[in-house]
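Undergrad: Below is the structure I would like to discuss, written out as structure tokens.
Chains as they are written, first to last, in the numbering used here: chain A, 1313 to 1397; chain B, 425 to 653.
If you want it as structure tokens, here you go:
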């Protein structure tokens, strides 16, 4: 953190968040967070949501029956196409 | 306070799509070695067979991509039956167009873009204000510059309920939801999202951040209604 980050307003700090959250920086050391309860709370909330999303929404398997439906639809399209020709 | 990166950088743990042809497009290339080359050759072979009309090969492509396409659809629409319909439509279109795939991008990118357009078309038919991917990527008019978020008395203490979170995700504008799902759930990096959606990396980061803030607001409102904060 350089001196220019020492006296940021909440709006200025939050404008930097998209970049900061995507960087390897340890955000807890950011000067603004040392005195701003609002932005510290916001960051904690964003972390809670990210953590919840990671645990609550795994990549899921479609039902086994879906391929059968797709296969049937493909065959129907091919039959229709052959008939049209 | 924990290091924010450790909890915000979710994508490392998420599975990545495999590459078939045009492997340079989305995933970061690693140093090629025999195993990777063999896998790529095998997948290129499957693709070539599917393009020639081999049903078995197409079934293999379905098996390889079904989870990510179905998950994307499910998280975008929030309904199992709609997600199944959209996955079916995406793979049907994939089958119709596969012969035209020339490998300018990774197959997974091509297929995901196709699925995203199927989802957005579906949302438009449902009456949501989305007419194209470009429109979905436009910043929403309610994002006033200078607005600040956060208040210490509105902490999201305790666990976050899955249904509440899903409802909050469902209520995000389609463009925000798409980037949130791609980054936070599907595990794409911003450069990959930029390639998928034809937007800048900065736009992807900014839209994701707005989505996070909207979710934060929605969850806090829910907690207030429940009297938990």
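Here a beta-carbon is modelled for each residue, glycine too, at the ideal position from N, C-alpha and C.
Can you pull out the residues from the region 592-609 of chain B whose beta carbon lies closer than 7 Å to at least one beta carbon of chain A?
TA: Taking 7 Å as the Cβ-Cβ cut-off against chain A, the residues of the region 592-609 of chain B that qualify are 608, 609.
Undergrad: So residue 646 of chain B and residue 605 of chain B are in contact, right, with Cβ under 8 Å, and what is the actual spacing, rounded?
TA: As a first step, residue 646 of chain B must be located in the second chain, where it is residue number 222. As a first step, residue 605 of chain B must be located in the second chain, where it is residue number 181. Incorrect: roughly 20 Å between the Cβ atoms, too far for contact.
Undergrad: Output, in chain order, the set of chain A residues within a Cβ distance shorter than 7 Å of residue 473 of chain B.
TA: On the second chain, residue 473 of chain B is found 49 positions in, with the first residue counted as 1. Correct list: empty, because the minimum Cβ distance to chain A is about 15 Å.
Undergrad: What in chain B is Cβ-close to residue 1381 of chain A, meaning under 7 Å?
TA: For the purposes of this step, residue 1381 of chain A is identified with residue 69 of the first chain, where counting begins at 1. By Cβ distance, chain B contributes 512.
Undergrad: Over the uninterrupted alpha helix (DSSP H) stretch that includes residue 612 of chain B, give me the two end residues.
TA: Your numbering for residue 612 of chain B matches position 188 in the second chain. Premise fails: residue 612 of chain B is in no alpha helix (DSSP H) and is neither H nor E.
Undergrad: Taking the CB atoms as reference points, tell me whether residue 635 of chain B and residue 612 of chain B lie closer together than 9 Å.
TA: Against the second chain, residue 635 of chain B aligns to sequence position 211. Against the second chain, residue 612 of chain B aligns to sequence position 188. No, these two residues do not count as a Cβ contact at 9 Å.
Undergrad: Looking at chain B, is there any beta carbon in it that lies within less than 9 Å of the beta carbon of residue 1330 of chain A?
TA: The count along the first chain starts at 1 and reaches residue 1330 of chain A at position 18. Closer than 9 Å: yes.
Undergrad: What are the residues in the region 1347-1361 of chain A lying within 9 Å of chain B by C-beta distance?
TA: Taking 9 Å as the Cβ-Cβ cut-off against chain B, the residues of the region 1347-1361 of chain A that qualify are 1348, 1349, 1350, 1351, 1352, 1353, 1354, 1355, 1356, 1357, 1358, 1359, 1360, 1361.
Undergrad: If contacts are defined as beta-carbon pairs under 8 Å, then residue 1325 of chain A and residue 1351 of chain A qualify, I think. What distance do you get, rounded to the angstrom?
TA: Taking the first chain and counting its residues from 1, one reaches residue 1325 of chain A at position 13. Taking the first chain and counting its residues from 1, one reaches residue 1351 of chain A at position 39. That pair is a contact at about 5 Å.
Undergrad: What does residue 515 of chain B reach in chain A if we use C-beta pairs closer than 8 Å?
TA: In the second chain, the residue the question calls residue 515 of chain B occupies position 91. Going along chain A in sequence order, the residues near residue 515 of chain B (Cβ under 8 Å) are 1382.
Undergrad: Tell me the residue span of the alpha helix (DSSP H) that contains residue 1330 of chain A.
TA: Within the first chain, numbered from 1, the residue matching residue 1330 of chain A stands at position 18. Taken as a continuous stretch (DSSP letters only), the alpha helix (DSSP H) holding residue 1330 of chain A covers 1322-1333.
Undergrad: For residue 625 of chain B, which three-state DSSP category applies?
TA: As a position in the second chain, residue 625 of chain B is number 201, starting the count at 1. Residue state, collapsed to three classes: helix.
Undergrad: Give the DSSP-derived three-state secondary structure of residue 1392 of chain A in the structure shown.
TA: As a position in the first chain, residue 1392 of chain A is number 80, starting the count at 1. If DSSP states are grouped into helix, strand and coil, residue 1392 of chain A belongs with the helices.
Undergrad: Grouping DSSP H, G and I as helix and E and B as strand, with all else coil, what is residue 605 of chain B?
TA: The residue labelled residue 605 of chain B in the question sits at position 181 within the second chain. The answer is helix: DSSP assigns residue 605 of chain B an H, G or I state.
Undergrad: With DSSP collapsed to three states, give me the class of residue 1342 of chain A.
TA: Locating residue 1342 of chain A in the first chain gives position 30, counting from the first residue. Of the three classes helix, strand and coil, the one that applies to residue 1342 of chain A here is coil, per DSSP.
Undergrad: Select from B/607, B/643, B/639, B/642 the residue whose C-alpha is nearest the C-alpha of residue 627 of chain B.
TA: The sequence position of residue 627 of chain B within the second chain is 203, counting from 1. Residue B/607 is the option with its Cα nearest to residue 627 of chain B.
Undergrad: Using a Cβ-Cβ cut-off of 8 Å (strictly less than) and excluding sequence neighbours within five positions of residue 1334 of chain A, which residues of its own chain qualify?
TA: Within the first chain, residue 1334 of chain A is the residue found at index 22, counting from 1. Cβ within range, chain order: n/a, list empty.
Undergrad: Give the straight-line distance between the Cα atoms of residue 450 of chain B and residue 477 of chain B, rounded to the nearest whole angstrom.
TA: Indexing the second chain from 1 puts residue 450 of chain B at position 26. Indexing the second chain from 1 puts residue 477 of chain B at position 53. Any reading at residue 450 of chain B must be qualified, since the residue scores a pLDDT of 42, below 50, and its modelled position is unreliable; the value itself is stated next. Cα-Cα distance, rounded: 26 Å.
Undergrad: Express the C-alpha separation of residue 641 of chain B and residue 650 of chain B in angstroms, rounding to a whole number.
TA: Mapped onto the second chain, residue 650 of chain B falls at position 226. Mapped onto the second chain, residue 641 of chain B falls at position 217. Taking the straight line from one Cα to the other gives about 14 Å.
Undergrad: Could you check whether residue 533 of chain B and residue 620 of chain B sit closer than 9 Å to each other, using their CB atoms as the reference points?
TA: As a position in the second chain, residue 620 of chain B is number 196, starting the count at 1. As a position in the second chain, residue 533 of chain B is number 109, starting the count at 1. The answer is yes: Cβ separation under 9 Å.
Undergrad: With a cut-off of 8 Å on the beta carbons, I'd call residue 609 of chain B and residue 499 of chain B a contact; round off their distance for me.
TA: Start at 1 with the first residue of the second chain, and residue 609 of chain B comes out as number 185. Start at 1 with the first residue of the second chain, and residue 499 of chain B comes out as number 75. The Cβ separation is near 5 Å, so the contact holds.
Undergrad: At a CB-CB cut-off below 9 Å, which residues of chain A make contact with residue 620 of chain B?
TA: For this step, residue 620 of chain B is matched to residue 196 along the second chain. Simply none; closest approach about 17 Å.
Undergrad: When the cut-off is 9 Å and only beta carbons count, does residue 443 of chain B lie next to chain A?
TA: Stepping through the second chain from its first residue, residue 443 of chain B is reached at position 19. In this predicted model, residue 443 of chain B has a pLDDT of only 39, less than 50, meaning its place in the structure is not dependable enough to derive any value.
Undergrad: Using a beta-carbon distance cut-off of less than 7 Å, what residues from the region 490-514 of chain B approach chain A?
TA: Here the close residues are 490, 491, 492, 494, 495, 498, 499, 508, 511, 512.
Undergrad: What does residue 1368 of chain A reach in chain B if we use C-beta pairs closer than 7 Å?
TA: On the first chain, residue 1368 of chain A is found 56 positions in, with the first residue counted as 1. Ordered by position in chain B, the residues that pass the 7 Å Cβ test against residue 1368 of chain A are 586, 589.
Undergrad: At the level of alpha carbons, what is the spacing between residue 547 of chain B and residue 1319 of chain A?
TA: Along the second chain, read from residue 1 onward, the residue named residue 547 of chain B stands at position 123. Along the first chain, read from residue 1 onward, the residue named residue 1319 of chain A stands at position 7. C-alpha separation (whole angstroms): 44 Å.
Undergrad: Could you tell me which chain B residues have their CB closer than 7 Å to the CB of residue 1334 of chain A, listed as they occur along the chain?
TA: The count along the first chain starts at 1 and reaches residue 1334 of chain A at position 22. Correct list: 614, 629.
Undergrad: By DSSP, does residue 529 of chain B sit in helix, in strand, or in coil?
TA: Locating residue 529 of chain B in the second chain gives position 105, counting from the first residue. In this structure, residue 529 of chain B counts as coil in the three-state DSSP scheme.
Undergrad: What three-state label does DSSP hand residue 541 of chain B in the structure shown?
TA: Locating residue 541 of chain B in the second chain gives position 117, counting from the first residue. Helix at residue 541 of chain B.
Undergrad: Going along chain A in order, which residues have a C-beta closer than 8 Å to the C-beta of residue 547 of chain B?
TA: Here residue 547 of chain B corresponds to residue number 123 of the second chain, with the count starting at 1. The premise fails here: residue 547 of chain B is roughly 19 Å from chain A at the closest Cβ pair, so nothing lies under 8 Å.
Undergrad: Which residues in chain B have a C-beta closer than 7 Å to the C-beta of residue 1364 of chain A? List them in chain order.
TA: Walking along the first chain from the start, residue 1364 of chain A turns up at place 52. Near residue 1364 of chain A (Cβ distances below 7 Å), the residues of chain B are 584, 589.
Undergrad: Just confirm the distance between the C-beta atoms of residue 492 of chain B and residue 1371 of chain A, as a whole number of angstroms; I'd bet it's less than 8 Å.
TA: If you number the second chain from 1, residue 492 of chain B lands on position 68. If you number the first chain from 1, residue 1371 of chain A lands on position 59. At roughly 6 Å, the Cβ-Cβ gap stays under 8 Å, so residue 492 of chain B and residue 1371 of chain A are in contact.
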